[in-house]
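Here the structure comes first, spelled out in structure tokens, and everything after it is commentary.
There are 2 protein chains.
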Amino acid sequence: MEVLLKFKLNEHLYLRDPEQTAIGKAIVSNAIELIFEIGFEQFTFKKLASRINSTEPTIYRYFTSKYKLLTYILNWYWTYLEYVCKMHLVEVNDPTKKMILILEIITHHINHHTQLHDYNLDHLHLIVISESSKSYLVKEVDEINNDMMFAPLKSLCLFISEVILKLEPHFPYPRSLASTLLETAHNQHFFSEHLPKLTDNASRENHKDYVLKYLTRLTFYTVKPA
Amino acid sequence: MEVLLKFKLNEHLYLRDPEQTAIGKAIVSNAIELIFEIGFEQFTFKKLASRINSTEPTIYRYFTSKYKLLTYILNWYWTYLEYVCKMHLVEVNDPTKKMILILEIITHHINHHTQLHDYNLDHLHLIVISESSKSYLVKEVDEINNDMMFAPLKSLCLFISEVILKLEPHFPYPRSLASTLLETAHNQHFFSEHLPKLTDNASRENHKDYVLKYLTRLTFYTVKPA
DNA sequence: ATCGATTTGTTAGTAATACTATCATTTGTA
DNA sequence: TACAAATGATAGTATTACTAACAAATCGAT
């Protein structure tokens with residue numbers, strides 16, 4: 003039996019569902035690799051087309067723009083992350099242990115690289131770190147949001163906030179802390195790697211370990227009552 | 003006597019110093035307005051040129067690209083913010099009061115809109131919220147950093163980290179907390195306004211007040227010893 | 001007030017980007 | 001085998017991100 007993770011994502015994200023065809027899957031997985039290699043600004047459909055031995059119009063038949071494709075990839079990631087969190091937390095009862103697991107998952111300490119999918123998760127993680135904010139930091143954010151295109155991120159955030167509330171039922175900022183942890187996981191990793199003066203990681207390495215320790219302090223001190 | 007704030011910024015940021023000429027100042031102040039109005043993605047030198055009744059080549063004689071111009075604007079902002087922090091903190095001795103003032107300044111609660119400069123600070127604040135991460139979340143971050151183009155942000159971060167250490171001398175993450183506070187001030191403001199499900203501000207308004215309260219909790223709980 | 005240097009304006013041009021249209025070909029499916 | 005759907009090939013447009021070349025305006029020092 004072959005098990006394969008497939009997430010049916012919001013239909014506004016694509017014209018043709020890329021999960022349904024070989025070329026669609028090639029578009030997404032090669033987009034991840036290409037954005038990883040050259041960054042989102044340099045990434046074009048023309049370059050992607052030539053990488054998969056296809057043509058621009060074919061890619062446009064799946065995605066209307068590179069922003070939509072990026073948002074699709076990010077939505078896949080958020081959906082995947084929530085799935086992994088739920089998998090790991092299902093048999094854990096202690097809220098503290100739950101929270102630690104969540105921090106380990108969002109900093110990519112837990113090996114969730116089972117081959118249940120077609121994408122390179124290490125590269126995807128680095129894309130999320132560098133590019134995820136570009137999907138919502140745009141003038142069109144409200145229309146995009148109306149089309150539910152950030153639903154997976156909101157859902158993950160809600161899930162984490164519920165664990166935070168189990169930890170401390172009267173904590174007044176569970177959602178903000180959840181979104182802060184997700185965002186901070188990204189920017190502290192990026193800073194640790196590229197702008198280390200903005201962090202306290204003097205080692206110039208072990209970015210994931212550093213971020214996990216910092217987030218652990220941030221979380222458990224912030225939530226506990228005075 | 004006329005007092006005017008002028009910051010001499012890193013020379014790698016421009017070809018010709020925009021503070022030195024009327025057209026240079028027009029480029030920067032109108033760039034702030036135009037980016038505020040249409041966002042950085044839609045912003046072009048051509049549109050900016052027509053807004054100041056000039057031409058593209060003139061702007062290119064000051065800035066080599068719109069990214070450099072954005073980085074210039076952000077550097078002006080970080081330099082300005084550190085200046086304002088130092089102004090307000092100079093006669094305050096209590097570290098807790100210092101820290102509260104810093105949080106008020108970075109969330110734009112303190113009226114630092116004295117007309118000592120040519121720029122619209124409210125618009126600049128909103129640009130910083132939406133666009134600042136785009137200056138460093140690029141593939142060229144390491145070369146840009148080598149040219150000291152993030153020095154003002156690092157300097158501000160260091161300044162805040164020193165106040166954090168006065169609050170709690172053995173706190174192990176003063177720089178990370180400082181950079182987290184700056185980044186979180188932006189993204190929670192943005193979320194509160196555009197993606198409120200990622201926050202606990204149900205009011206759909208008073209974003210600055212909400213962010214200040216949240217950051218206050220985050221800061222003082224995180225730094226204090228267990 | 002004049003000369004020379006610097007800055008700006010004008011015009012034009014290029015390569016690349018972000019698409020779209022059209023039609024031929026291939027493929028998968030009933 | 002036939003038909004629809006997907007893909008490929010080709011071409012084209014408007015815009016963007018620049019650069020070149022030269023003329024006009026301005027500014028500073030004498």
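Chains as they are written, first to last, in my numbering: chain A, 3 to 228; chain B, 3 to 228. Every residue, glycine too, gets a C-beta built ideally from N, C-alpha and C. For clarity, every value in this text was computed on a predicted model and none was experimentally measured.
Between the CA atoms of residue j and residue i - distance to the nearest angstrom
| i | j | result |
| --- | --- | --- |
| B:F47 | B:N122 | 20 Å |
| A:E142 | B:N95 | 45 Å |
| B:H111 | A:T182 | 21 Å |
| B:D144 | A:H196 | 6 Å |
| A:E164 | B:K70 | 42 Å |
| B:I129 | A:Y64 | 32 Å |
| A:F45 | A:K68 | 8 Å |
| B:I104 | B:I40 | 30 Å |
| A:L11 | A:D149 | 12 Å |
| B:V92 | B:I108 | 17 Å |
| B:I166 | B:Q22 | 37 Å |
| A:P198 | B:M151 | 14 Å |
| B:S194 | A:R219 | 25 Å |
| A:N147 | A:N208 | 35 Å |
| A:E170 | A:I131 | 29 Å |
| A:Y212 | B:S31 | 40 Å |
| A:T221 | A:Y79 | 23 Å |
| B:K210 | B:I162 | 20 Å |
| A:H127 | A:F38 | 9 Å |
| B:A153 | B:E13 | 12 Å |
| A:R2 | A:A24 | Since the first and last residues shown for chain A are 3 and 228, residue 2 of chain A lies out of range. |
Whether residue i touches residue j by CB criterion (8 Å)
| i | j | result |
| --- | --- | --- |
| B:D202 | A:S178 | yes |
| A:L155 | A:Y74 | no |
| B:L72 | B:L50 | no |
| B:P250 | B:K8 | This structure gives no information on residue 250 of chain B, because the portion of chain B shown stretches from 3 to 228. |
| B:I34 | B:H125 | yes |
| A:E43 | A:L214 | no |
| A:C159 | B:L200 | yes |
Interface residues of chain A facing residue i [CB-CB closer than 8 Å]
| i | result |
| --- | --- |
| B:P59 | What B:P59 touches in chain A: nothing, since even the nearest Cβ is about 23 Å away. |
| B:R177 | K199, L200, T201 and D202 |
| B:I40 | K141 |
| B:Q44 | K141 |
| B:T186 | T182, E185 and T186 |
| B:N147 | H196 and L197 |
| B:F152 | L197 |
Environment of residue i [buried if 16+ CB atoms lie within 10 Å]
| i | result |
| --- | --- |
| A:L217 | buried |
| A:M89 | exposed |
| A:I29 | buried |
| A:M3 | A caution first: A:M3 carries a pLDDT of 38, below 50, which makes its placement in the model unreliable, though a value can still be read off. Answer is exposed; the Cβ neighbour count stays below 16. |
| B:L184 | buried |
| A:N77 | buried |
| B:Y62 | exposed |
| B:S52 | exposed |
| A:K100 | buried |
| A:A180 | buried |
| A:H172 | exposed |
| A:L139 | buried |
| B:S205 | exposed |
| A:T243 | Residue 243 of chain A lies beyond the stretch modelled for chain A, which goes from 3 to 228, so this question has no answer here. |
Partners in chain B for residue i, counting only beta-carbon separations shorter than 9 Å
| i | result |
| --- | --- |
| A:S137 | By Cβ distance, chain B contributes nothing, its closest Cβ being about 11 Å from A:S137, past 9 Å. |
| A:P174 | D202, K215, Y216 and R219 |
| A:C87 | Going along chain B, no residue has its Cβ under 9 Å from A:C87, so there is no contact; the nearest lies around 17 Å. |
| A:K156 | L197, K199 and L200 |
Proximal residues of chain B, C-beta to C-beta of residue i below 8 Å
| i | result |
| --- | --- |
| A:Q190 | S178, S181 and T182 |
| A:K70 | By Cβ distance, chain B contributes nothing, its closest Cβ being about 14 Å from A:K70, past 8 Å. |
| A:F193 | S178 and S181 |
Per-residue contacts from residue i into chain A (C-beta, under 7 Å)
| i | result |
| --- | --- |
| B:D144 | H196 |
| B:S132 | L139 |
| B:Y223 | Y223 and T224 |
| B:F65 | In chain order: nothing, as chain A lies at least about 17 Å away. |
Where residue i meets chain B, residues with beta-carbon distance less than 7 Å
| i | result |
| --- | --- |
| A:Y79 | Residues of chain B passing the Cβ test: none, with the nearest at roughly 16 Å. |
Point to revise | Contact the region 177-193 of chain B vs the region 123-139 of chain B: 3+ CB pairs below 8 Å | key: yes
Review point. Taking contact to mean at least 3 C-beta pairs separated by less than 8 Å, is the region 58-69 of chain A in contact with the region 81-90 of chain A?
Key: no
Check your understanding: Any contact of the region 163-178 of chain A with the region 212-227 of chain A, i.e. 3+ C-beta pairs under 8 Å?
Key -> yes
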